[in-house]
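Counting in our numbering, the sequence shown runs from 240 upward without gaps. Data first, discussion second: the structure below is written as structure tokens.
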Amino acid sequence: PQRAVGVWLGGSPLIGMDKTNGAAAIWNAVVRFASAELPPQGWKVPLGLAEIEVCDPSGLLPTQYCPQVVREMFIFGTEPTHYDNLYKPFRINRETGKLATLLTPLQSVEERVYFIPPSEADEWANAEGIERPPQEYDTLSSDRVEIPGVRIMSPAAFAILAENIEILGEATVEGFDYFRLQYGQGLNPTRWIQIGADQQRPVVGGRLGTWLTEGLNGLYTVQLLVVLNDGQVRTTATPVTLDNEAPRVELRVPSAGDSFSLSRVDTLTISVSAADEVGLDRINFFVDGRRIGTVTAAPFRIVWEFPNRTGDYELFARAYDAAGNRSESRRITIEIVP
């Protein structure tokens, strides 16, 4: 360094002084004055440090979508190894402003890059007015020309599904050779995985195949591909959401072993916490195996009127998600006394 400055302030009591207007403020003023006429100089990089280009503000390796790349120093072994995950591209239908799908006309699709902060920073992002990507998907466009005889009738676009899915539709066109079903991850898959074997017989309004989706979760696109005798191909596709994970549900109130007196209270609020990756459908509440009520939206709680009987009661809740998966909370026992 060209100047070395240290400032210490002491005494008791320190009235009206804190870390922002005490030693730090004096140090700042002294350094500015002492270096005002000094030419700017760099500094020799110590051994064991590496200068790396990173994306600002994540500090991770830059991608093609990073708008601002800076150089930072890292101790050997601490350099970032993962690529930036804050700036992400989205394919948008410029006409509707919705997320483009495989069904969106190509001439209407454009790529936009959005800054996606972590969920913990949502409040800050909203306060700063940071633009978020659209949440709705583009539905079947009126500009899209349906090919007669090449159609997926079921599942419906953007249906929420699980386990084994029957695919119904039509695969019958002039010059038919065979048809194939395949699926890919996301709205615009870059890799397709075949469903079953190629089928040599045309189908008219019937079952095209069965898609075994065990272990798959998230947004996928299923495609029907019909090949003609001359090698031409006709296709159609439908996006769906797969949810093969059961929802999570936990009984919060009351606690196991709690005791309630009929002479003091005659109702009990039963409360649970529940979550699902795609969406919850409903929460059923049970006492001694009998359903006492259903809740379809948060807060997940229900008021149970005590029966005119003392003794032990078993409580639990059962959660269902939009795909039909279900799970149960642990079962607890409470006591009602006179």
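Ideal Cβ positions, reconstructed from N, Cα and C, are used throughout, including at glycine. As the structure is a prediction and not an experimental result, all values here were calculated from the model.
By the neighbour-count definition (other C-beta atoms within 10 Å, threshold 16), Glu-409 is a buried residue. In the structure shown, Glu-367 adopts helical secondary structure according to DSSP, grouped into three states. Thr-411 and Phe-418 have their C-alpha atoms some 9 angstroms from each other.
Contact between Thr-340 and Tyr-376 holds, since their C-beta atoms are separated by about 6 angstroms, short of 8 angstroms.
Rounded to whole angstroms, Ile-391 and Arg-540 show a C-alpha spacing of 41 angstroms. The Cβ atoms of Gly-444 and Leu-420 do not sit closer than 8 angstroms to each other. In this structure Ala-262 touches Leu-248 by the C-beta definition: roughly 5 angstroms separates them, less than 8 angstroms. Look at Ala-273 here: in three-state DSSP terms it is helix. Ala-556 and Arg-491 have their C-alpha atoms roughly 10 angstroms apart. Around the C-beta of Pro-306, fewer than 16 other C-beta atoms lie within 10 Å, and the residue is accordingly described as exposed.
In this structure, Val-542 lies away from Thr-572, with their beta-carbon atoms at least 8 angstroms apart. Distance check between Phe-315 and each of Tyr-322, Cys-294, Leu-325, Val-284 places Val-284 closest, using alpha-carbon atoms only. Excluding residues up to 5 positions away in sequence, Ala-410, Thr-411, Phe-415 lie with their Cβ nearer than 7 angstroms to the Cβ of Pro-441 in the same chain.
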